[in-house]
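Trainee: Protein sequence lines, in the order shown, are assigned to chains A, B and C.
Our numbering applies: residue 3 is where the first sequence begins, and numbers increase by one.
Our numbering applies: residue 2 is where the second sequence begins, and numbers increase by one.
Our numbering applies: residue 649 is where the third sequence begins, and numbers increase by one.
Backbone N, C-alpha and C define an ideal beta-carbon position, used for all residues, glycine too.
From a predicted model like this one, the values you see are computed outputs, not experimental measurements.
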Amino acid sequence: MGKIEEYTVKRDADRTDLKLNMGPQHPATHGVLRLELDLDGEIIRKCTPHIGYLHRGTEKLGEDRTYISALPLTDRLDYIASMNNNIGYCVAVEKLFGIEAPERAKYIRTMCAELGRISSHLLWLATHALDIGAMTVFLYAFRERAMIMEMFEKLTGARLTVSYPRIGGVRNDVTQEFIDRAHAFADEFPTHMEEYETLIDQNRIWLKRTKGIGIITADEAINWGLSGPMIRGSGIAYDIRKHEPYDAYKDVEFEVPIGTEGDVYDRYRVRMIELRQSALIIKQCVEKLPRGAILDPNAPKFTLPPKERVMTDMESLIHQFVLITKGPMTAQEGEVYVATELPKGEFGYYFVSDGSGKPYRMRLRAPSFVHASVLPLMCEGGLIADVIANIGTLDIVLGECDR
Amino acid sequence: MEQYSAAEKIYELFSEKALALGIPEPVLVIAAYAIPCLVVINLIQGAAGMLTYAERKISADIQNRIGANRVGPFGLIQFLADGVKLFLKEDIIPDAADRKLFKLAPYIVLSSTVLAAIVVPFGGSFIVADLNIGLIFIIVVSSLLVVGFLMSGWASNNKWALLGGIRSAAQIISYEIPTALSLLCIVLITGTFSLQETVMSQGLWPWQWFIFHNPFSFVAFFIFFVSALAEMNRTPFDFPEAESELVSGYNVEYSGMRFSIFFIAEYGSIFIISGLAAAVFLGGGNIGLDPYESPLHMQLLMVGVFFAKTVPLCLVIIWVRWSMPRLRIDQMLTMCWKYFIPIAFACLVATAIWLLVFNGNGIFWRMPAP
Amino acid sequence: MTLELREMVFIATALLTTLPALLVVFSRNILYSAFALFFTFLGTSGLYFFLGAEFLAITQVVVYIGGVSVILLFAILLTRDIDEIKKTNTMSLGRAVPGGVAVLAISAVFIYAIGETKWAASGDETGVPALTVKPLGDLLLNKYLFAFEVVSVLLLAVLIGSLVIARRSVK
Chain A
3 MGKIEEYTVK
13 RDADRTDLKL
23 NMGPQHPATH
33 GVLRLELDLD
43 GEIIRKCTPH
53 IGYLHRGTEK
63 LGEDRTYISA
73 LPLTDRLDYI
83 ASMNNNIGYC
93 VAVEKLFGIE
103 APERAKYIRT
113 MCAELGRISS
123 HLLWLATHAL
133 DIGAMTVFLY
143 AFRERAMIME
153 MFEKLTGARL
163 TVSYPRIGGV
173 RNDVTQEFID
183 RAHAFADEFP
193 THMEEYETLI
203 DQNRIWLKRT
213 KGIGIITADE
223 AINWGLSGPM
233 IRGSGIAYDI
243 RKHEPYDAYK
253 DVEFEVPIGT
263 EGDVYDRYRV
273 RMIELRQSAL
283 IIKQCVEKLP
293 RGAILDPNAP
303 KFTLPPKERV
313 MTDMESLIHQ
323 FVLITKGPMT
333 AQEGEVYVAT
343 ELPKGEFGYY
353 FVSDGSGKPY
363 RMRLRAPSFV
373 HASVLPLMCE
383 GGLIADVIAN
393 IGTLDIVLGE
403 CDR
Chain B
2 MEQYSAAEKI
12 YELFSEKALA
22 LGIPEPVLVI
32 AAYAIPCLVV
42 INLIQGAAGM
52 LTYAERKISA
62 DIQNRIGANR
72 VGPFGLIQFL
82 ADGVKLFLKE
92 DIIPDAADRK
102 LFKLAPYIVL
112 SSTVLAAIVV
122 PFGGSFIVAD
132 LNIGLIFIIV
142 VSSLLVVGFL
152 MSGWASNNKW
162 ALLGGIRSAA
172 QIISYEIPTA
182 LSLLCIVLIT
192 GTFSLQETVM
202 SQGLWPWQWF
212 IFHNPFSFVA
222 FFIFFVSALA
232 EMNRTPFDFP
242 EAESELVSGY
252 NVEYSGMRFS
262 IFFIAEYGSI
272 FIISGLAAAV
282 FLGGGNIGLD
292 PYESPLHMQL
302 LMVGVFFAKT
312 VPLCLVIIWV
322 RWSMPRLRID
332 QMLTMCWKYF
342 IPIAFACLVA
352 TAIWLLVFNG
362 NGIFWRMPAP
Chain C
649 MTLELREMVF
659 IATALLTTLP
669 ALLVVFSRNI
679 LYSAFALFFT
689 FLGTSGLYFF
699 LGAEFLAITQ
709 VVVYIGGVSV
719 ILLFAILLTR
729 DIDEIKKTNT
739 MSLGRAVPGG
749 VAVLAISAVF
759 IYAIGETKWA
769 ASGDETGVPA
779 LTVKPLGDLL
789 LNKYLFAFEV
799 VSVLLLAVLI
809 GSLVIARRSV
819 K
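1) Can you give me the C-alpha to C-alpha distance between B:Gly23 and B:Ile31, rounded to a whole angstrom?
2) For A:Ile101, which residues from the same chain have a beta carbon less than 7 Å from its beta carbon, with the 5 sequence-adjacent residues on both sides left out?
3) What do you reckon, are the CB atoms on B:Met325 and C:Phe683 nearer than 8 Å?
4) Indicate whether A:Leu117 and A:Ala72 have their beta-carbon atoms separated by less than 8 Å.
5) Under the three-state reduction of DSSP, which class applies to A:Lys21: helix, strand or coil?
6) Specify whether the segment 157-165 of chain B and the segment 243-263 of chain B touch according to this definition: at least 3 beta carbon pairs, one from each stretch, less than 8 Å apart.
7) On the CB-based measure, 16 or more other CB atoms within 10 Å of its CB, does B:Lys160 come out buried or exposed?
8) Can you say whether B:Tyr255 is buried or exposed, counting buried as having 16 or more other CB atoms within 10 angstroms of its CB?
9) Quick test of the definition: if touching needs 3 or more C-beta pairs under 8 Å, does the segment 216-226 of chain B touch the segment 166-185 of chain B?
10) Name, going along the chain, the residues of the segment 314-333 of chain B whose beta-carbon falls closer than 9 Å to a beta-carbon of chain A.
11) Per DSSP, what kind of secondary structure is B:Phe138 in: helix, strand or coil?
12) Kindly list, in the order they appear in chain A, the residues whose Cβ is closer than 9 Å to that of B:Tyr66.
13) With burial defined as no fewer than 16 other Cβ atoms inside 10 Å of the residue's Cβ, what is the status of A:His294: buried or exposed?
14) Report back the beta-carbon spacing between A:Leu37 and A:Val389 to the nearest angstrom; my notes put them in contact at under 8 Å.
15) Which residues in chain B have a C-beta closer than 9 Å to the C-beta of A:Asn205? List them in chain order.
16) Using only CA atoms, which one of B:Arg329, B:Ser202, B:Arg168 lies nearest to A:Arg420?
17) With 8 Å set as the bound, which would you pick, yes or no: does the beta-carbon of C:Gly747 sit closer than that to a beta-carbon of chain B?
18) To the nearest angstrom, how far is the alpha carbon of B:Phe365 from that of B:Val306?
19) Could you spell out where the beta strand (DSSP E) holding B:Leu52 opens and where it closes?
20) Helix, strand or coil for A:Arg367, going by three-state DSSP, please let me know.
21) Hey, would you say B:Gln197 sits closer than 8 Å to B:Ile140, going by beta carbons?
22) Buried or exposed: C:Tyr696, going by 16 or more other Cβ atoms within 10 Å of its Cβ?
23) Roughly how many whole angstroms lie between the Cα atoms of B:Asn362 and B:Leu356?
24) For B:Leu145 and chain C, any beta-carbon pair shorter than 8 Å?
25) Is it true that the CB of B:Leu116 sits closer than 8 Å to the CB of B:Val142?
26) At the 8 Å Cβ level, is B:Lys160 part of the contact set with chain A, yes or no?
27) For B:Pro343, count neighbouring C-beta atoms within 10 Å of its own C-beta (all shown protein chains included) and say buried if the count is 16 or more, exposed if not.
28) Going by the CB atoms, is the gap between B:Ile273 and B:Leu52 shorter than 8 Å?
29) Residues of chain D with CB closer than 7 Å to the CB of A:Leu201, please, in chain order.
30) What is the DSSP secondary structure of B:Trp155, counted as helix, strand or coil?
31) Per DSSP, which one or two residues make a beta bridge with A:Ser355?
32) In the segment 218-292 of chain A, which residue ranges form an unbroken alpha helix (DSSP H) of at least 4 residues, counting only runs that do not cross its ends?
33) Rounded to whole angstroms, how far is the Cβ of B:Ala181 from the Cβ of B:Phe150, which I believe are closer than 8 Å?
34) Does A:Glu102 come out as helix, strand or coil in the three-state DSSP assignment?
35) When the Cα atoms are used, what is the spatial distance from A:Arg161 to A:Glu152?
36) For the beta strand (DSSP E) containing A:Cys49, list its first residue and its last residue.
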């Protein structure tokens, strides 16, 4: 029995607090975040986030893969919004290679990115509400999320890890059915939004749990390097889609919502408005969708030739051999940093190229990583229940945080 | 006044026949006491089982799901399947747990629920014992829960469980006060703690119920109902379990049958609290007849009336759970000490003044002639 | 109802009162003592029930289980100075002697009281007043008001005592 003694709840005579390990297996830490909490009763005296339980070495793996074959790795970063990760990766690689996707591909990507954003925000809403105790919102939000998943399945063959965009365009063209469904979805989505809002938006308990909790001032938000809804909730209208538009964002109209107080409720409102804006963007994309190619004319240098041509055509065989073994060889030496607006925040891809088919260095700027670091600021002095609300409002995905 | 007790009634009914059959008297006495006990325990279990089914179905309806539909027609006997499953599950006791207290705790929790059922008038003469302290009895035995929760929380040797236990203790101790105070408003009107008498002094029609006796008893009903929600650890006050905060609170280390005992107790207390609210505020099983002297079919009708009032209250409790977020522990305590207790006190005093001014009469309700 | 059954129930209740009481004193784990005290209170309340003093019984539960026992448990669970819960209720000469003296004194008083009381014979119901809440309330708020108020100080004492045990050590 001697060994068991070590695990008993011990109270240190000169310490007044209780050390509590929240996670990595905890229903509200959204994956494998671990928080070390020093408690005084239920009040948090100190909060230390520990990350790394989902570390898979994506950055290092990227160095060992050609630009083409590293694409599926990005699916597994923010697995809630894999479409957005893919698109960010392609935009970054395109900039490195100095090519550009055709207009139609850009619109398709924008549309898909916004669908991904809705899907990701819905998952955030579902789990955030669930953590605060409103279980019904969870299933309502998943209903709409399933619609998006089905659309993605129709388009790409996969529901979660889509790997749909390609360097220089997208893999296959959208069907009329997909366009119709996307448009219908964007049309009816605001009515579903009202259903969620009926349950929580003006609910007294919801307001009590979210207003004035986890306040981040505008200065703090900048100093901590926050981005996405986290910084917009604090009242700074920073949105990469507006400031450095990529894909078709310069051609569509949308608003960037900002909060005033920087508390959990403001970030909730910001994301709710973003959901509506995303639906608007989807509608605009469908309406403006131009005709034309879906791959850059230079794209054969980045995409594999069809299987039957590899079997019959010498050129294609060589082409395929080079692409598989060495990767696209036309990159300039140098470095490139491209940030895209992911649902979680600014996701940056930084490549150092030595002219070969593989990046010399691939560095990812993950918003979840930055946001997780702000957790002590928000939690200390609050209660355990506030920690849950704060983790929810961060909207972190540990796959992206740990990379 | 002679107190009514189901055991004695059963004894009177069967003693002659049984003695004629040669059954010794001690056996008969024990049987007379055992029958109501078994009935109550099984009623609580059955009610708890049906409530879990109702919860699953209602939550499914609220959330666009189908819910249990495989076992039996409409999944009606799903709860039996669940029970069998929980029975067969391995009963895990953590190595570092305090084994004795760990085993004891669920029974304290369950016995408090079952004890409370003793004085609930199920309509007609269907009451186990009509104690003349029935109302306080219910409040008091449901406070035994605290000891069970603290015991399970500590014995699990788990920090989450300990926090859950302490939370539940703080919560139940606090909300006992508004619960008791709001019930006292009705005690002032009737002048008795006996639940059967409380039911009998109301009537069949809504204006004869105590909820509409005066404006303050109307307020008292809602205070009672919300505080009872808190005492039962139901959303929006389910802090001791709060699965997203405390994982599962005081019962996190429990498994198998011990775990399900906690849940039988929880759902049983939903039923009892609803029954209490129905009996005290909503006229219970009263259809304007004497419960003891009426023929059997009228008594069964009274039981029907009682259930017709209790079941909707249970459904409201379930409905609330699936539409409300959870409060925070400090907000919940603030609500109790800063709002509920003062309001309940004000109701009590105002009811007393009302009774003085109007000579014991309510808006529609008239004091029976002595 | 037969006498045998009543006696059996009485013996069971009495055992429920006395056995945990022994555990309260002799257990080395203070938490066990506290939980045993809970059962002792429960048994005492059962004895009151047995005597037909239902109001007293239920008051016993309200005050001693709902109040004293729970606050005691609270105090122990929140006490920060406990290192090893298994050795928190140890016996020592310094405690045993004053404790023993107190036990002897109280026993003497009880034995004296039991000897002096004129007990009603079993089955003789004439000397026992029919208990209802109303006369009890009248008595408490008229004749015994002072005693009633003094007793209510007990709860305050419990509250303060638990605060003293659980309060933060002054740095």
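Mentor: Short version:
1) Cα to Cα, the separation comes out at about 15 Å.
2) Gly170, Asp298, Asn300
3) If you check the CB distance, B:Met325 and C:Phe683 do not come in under 8 Å.
4) Cβ atoms of A:Leu117 and A:Ala72: not closer than 8 Å.
5) strand
6) yes
7) B:Lys160 comes out buried.
8) buried
9) yes
10) Arg322, Trp323, Ser324, Met325, Pro326, Arg327, Leu328, Arg329, Ile330, Asp331, Gln332
11) helix
12) Looking at the sequence provided, one finds Arg at residue 66 of chain B rather than Tyr. Correct list: Leu141.
13) One detail in the question is off: residue 294 of chain A reads as Gly in this sequence, not His. With a 10 Å radius around the Cβ and a threshold of 16 neighbouring Cβ atoms, A:Gly294 comes out exposed.
14) 7 Å
15) Ser324, Met325, Pro326
16) Any question about residue 420 of chain A goes unanswered here, given that chain A covers just 3 to 405.
17) no
18) 21 Å
19) Judged by DSSP secondary structure, B:Leu52 falls outside any beta strand (DSSP E) and instead within the alpha helix (DSSP H) spanning 26-63.
20) strand
21) no
22) buried
23) The straight-line gap from Cα to Cα measures roughly 6 Å.
24) Chain C, which has a Cβ nearer than 8 Å to the Cβ of B:Leu145, makes this yes.
25) yes
26) yes
27) By the 16-neighbour rule on beta-carbons within 10 angstroms, B:Pro343 is exposed.
28) no
29) Absent from the structure: chain D. Protein chains present are A, B and C.
30) Annotated three-state conformation of B:Trp155 is helix, per DSSP.
31) A:Gly336, A:Pro361
32) 220-225, 231-235, 242-245, 266-290
33) In fact, because the Cβ distance is near 19 Å, the residues do not count as touching under 8 Å.
34) coil
35) 7 Å
36) Residue range 45-52 is occupied by the beta strand (DSSP E) that includes A:Cys49.
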